[in-house]
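Using our numbering, the first residue of the sequence shown is number 274, and each one after it goes up by one. Glycine included, every Cβ here is placed at the ideal spot set by N, Cα and C.
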Amino acid sequence: MSQRLQHDGGVNGTNGDSTGHQPARRAGGKGGGRVRMTGKQRREQLLEIGRSVFAERGYDGTSVEEIAERAGVSKPVVYEHFGGKEGLYAVVVDREMQLLLDMVTGALTGGHSRELLEQAAFALMDYIDTSTDGFKILVRDSPVTQATGSFASLIGDIATQVEDILGLEFKSRGFDARLAPMYSQMLVGMVALTGQWWLEVRKPGKAEVAAHLVNLAWHGLEGLERHPKLVGDRKN
């Protein structure tokens, strides 16, 4: 994903916290004692808090003040680690995109073409189920100034994986394999949009949803025409 930014190195290239931060409260400690976080621990804390707030409020509705307050630090600490809200958002999005892509590509363990489609569909549904906040962030529009990748670019990456499956299937059936990239975009887009709908209703279960998605996709491919035409009188 060439468009994604790699921010994990930090703004200043250091793991140290800035001065003026409030050390985190020691969990379960006596007398409400506090312990100073390392720079790496603070960075991870800010990422988790930012992820939660972005999912809840969206990019525009999230402020550095709220993230700092929830983390128990001053605003300069957030700026030191990420340069501001945009930098934090970029890392959160980049991590979620990589997680989803890894889950989908890792699920493609081989087998019959239909089984590969099942693996890809279920992996996406599984991500939505187990990383709901991340999915909510990905499907929202990125801010105009955001240079990181978008959900559309991620779908393109996943579609590239499916493209290989369809290319082989098309060749075996005598279809033009050059059309495989377009069909892979259609199939992955269908799964992604269905996932957005399922995120709200949560019925039926994700395995059943995946089965129906593959049912539509696979049997649609089975009845594919080599040279489809529109039935209406429409021109390019």
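Legend entry - Boundaries (first-last residue) of the alpha helix (DSSP H) holding residue 492: For this step, residue 492 is matched to residue 219 along the sequence shown. From DSSP, the alpha helix (DSSP H) with residue 492 extends over 479–495.
Inset, instruction - With DSSP collapsed to three states, give me the class of residue 332. - result: Looking up residue 332 in the sequence shown gives position 59. Three-state DSSP puts residue 332 in coil, outside helix and strand.
Legend entry - Assigned secondary structure, residue 449 (DSSP; H/G/I helix, E/B strand, else coil): As a working note, residue 449 is residue 176 in the sequence shown. DSSP places residue 449 outside both helix and strand once states are collapsed to three, so it counts as coil.
Legend entry - From 412, 434, 346, 372, residue whose alpha carbon lies closest to that of residue 382: The residue given as residue 382 occupies position 109 in the sequence shown. Residue 382 has its Cα closest to that of 434, out of 412, 434, 346, 372.
Inset, instruction - Please report the Cβ distance between residue 327 and residue 410, rounded to the nearest whole angstrom; I am assuming they are in contact, meaning their Cβ atoms lie under 8 Å. - result: Numbered from its first residue, the sequence shown carries residue 327 at position 54. Numbered from its first residue, the sequence shown carries residue 410 at position 137. Between residue 410 and residue 327 the Cβ distance is about 5 Å, and since that is below 8 Å, they are a contact.
Legend entry - Whole-Å CB distance - residue 455 paired with residue 486, under 8 Å assumed: Locating residue 455 in the sequence shown gives position 182, where the first residue counts as 1. Locating residue 486 in the sequence shown gives position 213, where the first residue counts as 1. Wrong, their Cβ atoms sit about 18 Å apart, outside the cutoff.
Inset, instruction - Can you say whether residue 504 is buried or exposed, counting buried as having 16 or more other CB atoms within 10 angstroms of its CB? - result: Position 231 of the sequence shown, counting from 1, holds the residue named residue 504. The residue is exposed, with fewer than 16 neighbouring Cβ atoms inside 10 Å.
Legend entry - Helix, strand or coil at residue 508 according to DSSP, with G and I counted as helix: By one-based count along the sequence shown, residue 508 stands at place 235. Note: residue 508 maps to coil in three-state DSSP.
Legend entry - Closest Cα partner of residue 391 within the set 380, 430, 401: By one-based count along the sequence shown, residue 391 stands at place 118. It is 380.
Legend entry - Three-way DSSP call (helix, strand, coil) for residue 310 in this model: Position 37 of the sequence shown, counted from the first residue, corresponds to residue 310. Residue 310 falls in the coil class under three-state DSSP.
Legend entry - Residues near residue 496 in its chain [Cβ-Cβ closer than 8 Å; skip 5 each side]: Residue numbering aside, residue 496 sits at position 223 when the sequence shown is read from its first letter. Once the five neighbours on either side are set aside, residue 496 has no close Cβ partner at all.
Inset, instruction - Compare the C-beta of residue 368 with all C-beta atoms of chain B and state if any pair is closer than 7 Å. - result: Of the protein chains in the structure, only one exists, and it is not chain B.
Inset, instruction - Report back the beta-carbon spacing between residue 332 and residue 362 to the nearest angstrom; my notes put them in contact at under 8 Å. - result: The count along the sequence shown starts at 1 and reaches residue 332 at position 59. The count along the sequence shown starts at 1 and reaches residue 362 at position 89. Contact flag correct, Cβ pair sits at about 6 Å.
Legend entry - Coarse secondary structure for residue 298, derived from DSSP in three states: For the purposes of this step, residue 298 is taken as residue 25 along the sequence shown, with counting starting at 1. Interpretation of residue 298 is limited by its pLDDT of 47, a score under 50 that renders its predicted location unreliable; the figure taken from the coordinates is listed afterwards. Residue 298 carries a strand assignment under DSSP once its states are collapsed to helix, strand and coil.
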